[in-house]
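Under our numbering, the first residue of the sequence shown is numbered 7, with each subsequent residue one higher. Before any comments, here is the structure.
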Amino acid sequence: PGSAGAPADPGEWILGAAPERAAATGGAGAGGADPLKRVRGAAKAWQRRFGLGLLLGALAVGSSVGLMAVSGWLISRASEHPPVLYLMVAVTATRAFGMGRAVFRYAERLVSHDAVLRMLADLRVGVYRGLERIAPAGLRAQRRGDLLTRLVADADALQDYWLRWLLPVGTAVLVGTGSVAFTAWLLPEAGAVLAAGLLAAGVGVPLLSAVCARRTERRLAPARGELATRVADLLTGTAELTVAGALAGRKDAAQRSDRTLTGIAARAAAVTGLGSGLSALVCGLTVVCAAAVGANAVAGGRLAGVAMAVVVLTPLAAFEAVTGLPLAVQYRQRVRRSAERLYEVIDAPVPVVEPERPEQLPASPFPLRLTGLTARHPGQERDALRGLDLTLEAGRRIAVVGPSGAGKTTLAQVLLRFLDQHEGSYTLGGTNARVVDGDDVRRIVGLCAQDAHIFDSSVRENLRLARTGASEEQLRDALAAARLLEWADGLPDGLDTLVGEHGERISGGQRQRLALARALLADFPVLVLDEPAEHLDLATADALTADLLAATEGRTTVLITHRLAGLEAVDEVLVLDRGAVVQRGTHAELAAVEGPLRRLLERERAADGTLAEFHQARLSPPKRTN
């Protein structure tokens, strides 16, 4: 919705030209644009609505000025006891101004807030679409609490640019100019006094407030994000922090962040109070000066006595238009910082550039081929993958192993088009993956990740995320393939049993098996298993690996793991180190020769033996001594 000229794709205005610049330059140039200029660009689609809101706001404040001026004249003239008919115009005008003030104010709120809320709705759509463009590879440096604050609080703060900055300033200019002109028509000296007072309160005091609040306002939004991050970490990691004995320290850190935010907000409130006090002082001085020049003019015969009240009361009402400007300047600074933080996320380098006219995938995605593939994460100078070659045929299973940081998860992101290659090619059935829509690629290549999200719902609903219309038999087959059916049948409510937030009511192994069952139910032609046994004890991890290898027999599978147990069942093993393939072949071939895989096997067996001895020592009774 919006007036003529609104963008056809709601929400695109908030992104401006950032996606195109990010696609062309890696996102570096987008952040250089003035954030307020980009925010102002949003008003083009709603220019008429904001113009109408400005006019109605000026009429509302103008009615207050008119009400005060006419009331002053009416009281002064009535004191002379003229015939009542002489007062009827003033009485009618007083009623009209009184009613107009309320009506125009209501209409202004209705029009301006309607425009802003429509714009805010489109803004949220645009922000979410911008987030989709860069997630997940482009969000590696973002903290959850701070990211949530940017996308919610900072996005909402942009509405203040129009409601609490542009509209008040525009109203002050229109009403101030009209009030000065009217007062100068009555008495030029009074007009000059009012002009000086309005300039002092409408320009001088806001400038002083801006200087005093500049540092405070720039720190407010980051401090809010820091507190949100601390609280999110505290709430999600309470159990781990308690076990580690670090809960008290994290609570203290959250309290320090809260005190910091409170202190910043208190300083901002102090500046607001200073601005309000100075505005009131200037208003009082202006009224006194206007009364002085008015009295002098009455004494000199240049001003009628009944107009004296008009000269004194008009400035009192006119200052309503400028008393809020010191706070408006603070809102402008606040909006600027919020816009900067929001655009820092939206303008992040785009890890995947979607084609303008995507092509269709062939009937069969095989062979899936990576040739000379080099990839790096946004903002990184070092390649995460270098010169990788990989071919997947239907039913072929490959394991990718290597130390942490070798590039294993980066390979998974490239396969799912969460990250585009920097060099080389990625084809599905002979079609370049970069000319295919990312969602189409992810219908072919599925992922079961180490941190697969389990929703706070039932086992059934968590499974049906993969296939909405799955039958009971299909659900049970997927659970059976993941060796989870017997467990599910033993639950109090069967498949309708709730698993809790993040699956907290079930064990780690059951969570991973549920994620595997969900991936199997989706029946992806190519399934990527990224560290599915991570964070599990060795026995559970090895059992899960054996079960998932059995469940994926005959399926095209890429198993990414740091554990080597059970890899005899795969067709090929790739050993990655620092982004490059340093060894490849069958498990038996690589284990038989000196090389990276053999060294990894020896270290793993030594670590497993040490761990087994440690557990044995703990379980053995202490020896008796004489």
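Glycine included, C-beta positions come from ideal geometry on N, C-alpha and C. Since this is a predicted model, take the numbers as computed values, not measurements.
- Ala586: member of the beta strand (DSSP E) spanning 586 to 591, first to last residue.
- Ranked by Cα distance from Val288, the first of Gln261, Ala303, Pro332, Thr268 is Pro332.
- Boundaries of the alpha helix (DSSP H) around Ile270: 253 to 305.
- Between Pro361 and Val441 the beta-carbon gap is near 5 Å, inside 8 Å, which marks them as a contact.
- Exclusion of the five residues before and after Gly176 leaves Leu60 as the residues of its chain whose Cβ lies within less than 7 Å of its Cβ.
- Inter-segment contact for the region 535 to 554 and the region 447 to 456 is present: three or more beta-carbon pairs are separated by less than 8 Å.
- Under the 8 Å Cβ criterion, the region 64 to 72 counts as touching the region 169 to 187, having at least three qualifying pairs.
- At the C-beta level, Leu291 and Asp264 stay beyond 8 Å of one another.
- When only Cα atoms are considered, Arg402 and Arg130 end up about 43 Å apart.
- Annotation: Ala476 to Arg423 spans about 26 Å, alpha carbon to alpha carbon.
- Contact between Ala412 and Gly585 holds: their C-beta atoms lie close to 7 Å from each other, under 8 Å.
- Take the alpha-carbon of Gly231 and the one of Gln386: they are about 24 Å apart.
- Across the structure, Gly106 and Ile81 are spaced so that their CA atoms are roughly 20 Å apart.
- Secondary structure within the region 372 to 445: the beta strand (DSSP E) runs of 3 or more consecutive residues, fully enclosed, are 374 to 381, 391 to 398, 403 to 407, 429 to 434 (chain order).
- Assignment of Leu164 by DSSP, reduced to helix, strand and coil, places it in the coil class.
- Counting C-beta pairs with one atom in each stretch, the region 468 to 488 and the region 429 to 440 have fewer than three that are closer than 8 Å, which means they do not touch.
- Secondary structure at Asp120: helix, using DSSP grouped into helix, strand and coil.
- Every alpha helix (DSSP H) of 4 residues or more that sits fully in the region 203 to 262 is shown, in chain order, as 211 to 242, 244 to 250.
- For Thr562, the enclosing beta strand (DSSP E) starts and ends at 562 to 566.
- Exposure of Phe461 is indicated by the presence of fewer than 16 other C-beta atoms within 10 angstroms of its C-beta.
- Annotation: the continuous alpha helix (DSSP H) that includes Glu350 extends over 331 to 352.
- With contacts defined by Cβ atoms closer than 8 Å, Val356 and Arg139 form a contacting pair.
- Between Ser463 and Leu501, the beta carbon gap of about 11 Å keeps them out of contact (Cβ cut-off 8 Å).
- When secondary structure is reduced to three states using DSSP, Gly515 falls in the helix class.
- Bridge partners of Asp536 according to DSSP: Ile566.
- For the options Arg363, Ala301, Val359, the alpha carbon positioned closest to that of Glu195 is the one of Ala301.
- For Val179, the enclosing alpha helix (DSSP H) stretches over residues 173 to 192.
- The C-beta separation of Ala227 from Arg343 comes to about 5 Å, placing the pair in contact by the 8 Å criterion.
- When DSSP states are grouped into helix, strand and coil, Glu492 belongs to the helix group.
- Contact check between the region 200 to 216 and the region 153 to 165: fewer than three CB pairs, one atom from each, fall below 8 Å, which does not count as touching.
- Judged by beta-carbon spacing, Val576 lies within the 8 Å limit of Ala405, meaning their Cβ atoms are closer than that value.
- Closest option to Thr397, judged by alpha-carbon separation, among Ala108, Ala99, Val133, Arg590: Arg590.
- Between Ala315 and Gly78, the C-beta spacing is below 8 Å.
- Looking only at Leu172, Ala161, Ala102, Val67, the smallest Cα-Cα distance to Arg46 is reached by Leu172.
- Beta-bridge partners assigned by DSSP to Leu555: none are found.
- The alpha-carbon separation between Ala99 and Val351 amounts to approximately 54 Å.
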